[in-house]
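Here is the structure:
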């Protein structure tokens, strides 16, 4: 709820930082961070660095429903994921608003307790209007129409002025 209010207040900002913390994750376990997205499109970005020697984690973005299935041990789907590693960075484009969870998974083949510095942010720069140019044919059409309208107004005004002067 507070996160939603924060997102609405900072909606004008192209990038909103959600998390910049160190998490301790026991071996063969995972932790998650919930994200409520009301705007689209947005890119969920994260940077992580494992501070524990020899430990590796992966980061995955799941819908909230899939995160609940994962917690219950059922089959679940993943929106996007990184591979296991000691450092990494990921950008997950999200096109549908909804409830999501960012998972930090410490269930690598040889799991060890991990201390992970995680930074999560939302990037709204794609949602900002993109400034572009018209194709050359349309540019020519706009110029020609503008000239026709301009000279049409000049001729009409000139005729009105000549009539007024002759009276």
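Residue numbers (the working numbering): 1 to 167.
Where is the CB? At the ideal position from N, CA and C, for every residue including glycine.
Hey, could you find the ends of the beta strand (DSSP E) residue i is sitting in?
i	result
residue 42	42-50
residue 154	Element bounds for residue 154: not the beta strand (DSSP E) but the alpha helix (DSSP H), 136-166.
residue 31	30-37
residue 57	Note, residue 57: premise wrong, no beta strand (DSSP E); not H, not E.
residue 23	15-25
Mind checking whether the beta-carbon of residue i lies closer than 6 Å to any heavy atom of the ligand HEM?
i	result
residue 29	By its list of ligands, the structure shown contains no ligand whatsoever, and the ligand HEM lies outside what it can speak to.
For residue i, collect the residues of the same chain with a Cβ closer than 6 Å to its Cβ; drop the 5 residues on either side in sequence, then sort them by chain order.
i	result
residue 86	50 and 56
residue 43	91, 93 and 123
residue 6	Note that residue 6 scores a pLDDT of 47, beneath 50, so its modelled location is shaky and nothing firm can be said.
residue 17	121
residue 45	91, 121 and 123
Kindly give me the distance between the Cβ atoms of residue i and residue j, rounded to whole angstroms, as I take these residues to be in contact under 8 Å.
i	j	result
residue 23	residue 101	With 8 Å as the limit, residue 23 and residue 101 do not qualify as a contact, their Cβ atoms being about 14 Å apart.
residue 59	residue 88	7 Å
residue 169	residue 25	Look at the range of the chain in this structure, 1 to 167, and you will see that residue 169 is not part of it.
residue 146	residue 14	Incorrect: roughly 35 Å between the Cβ atoms, too far for contact.
Ends of the alpha helix (DSSP H) at residue i?
i	result
residue 72	64-72
Just to confirm my understanding: we take residue i, look at its own chain, exclude 5 residues before and 5 after, and list those with CB closer than 7 Å. What are they?
i	result
residue 54	112
residue 19	33, 118, 119 and 120
residue 170	Missing from the structure shown is residue 170; the chain here goes from 1 to 167 and no further.
residue 52	112, 113, 114 and 115
residue 84	56, 57, 58 and 108
residue 47	89 and 119
Less than 8 Å between C-beta atoms, sequence neighbours within five positions excluded: which residues of the same chain meet that for residue i?
i	result
residue 63	77, 79, 98, 99, 100 and 101
residue 75	69
residue 133	139
residue 82	58, 59, 60, 88 and 90
ask   = Is the segment 90-107 touching the segment 27-44, taking contact as three or more C-beta pairs under 8 Å?
value = Because the criterion of three Cβ pairs below 8 Å is met, the segment 90-107 and the segment 27-44 touch.
key: Length at least 3, wholly inside the segment 75-117: the beta strand (DSSP E) runs in chain order   = List check, beta strand (DSSP E) in window: 87-94 and 98-105.
inquiry  = Below 8 Å, how does it come out for the segment 86-99 and the segment 34-44: are there three or more Cβ pairs, yes or no?
reply    = Counting Cβ pairs under 8 Å, three or more are found: they touch.
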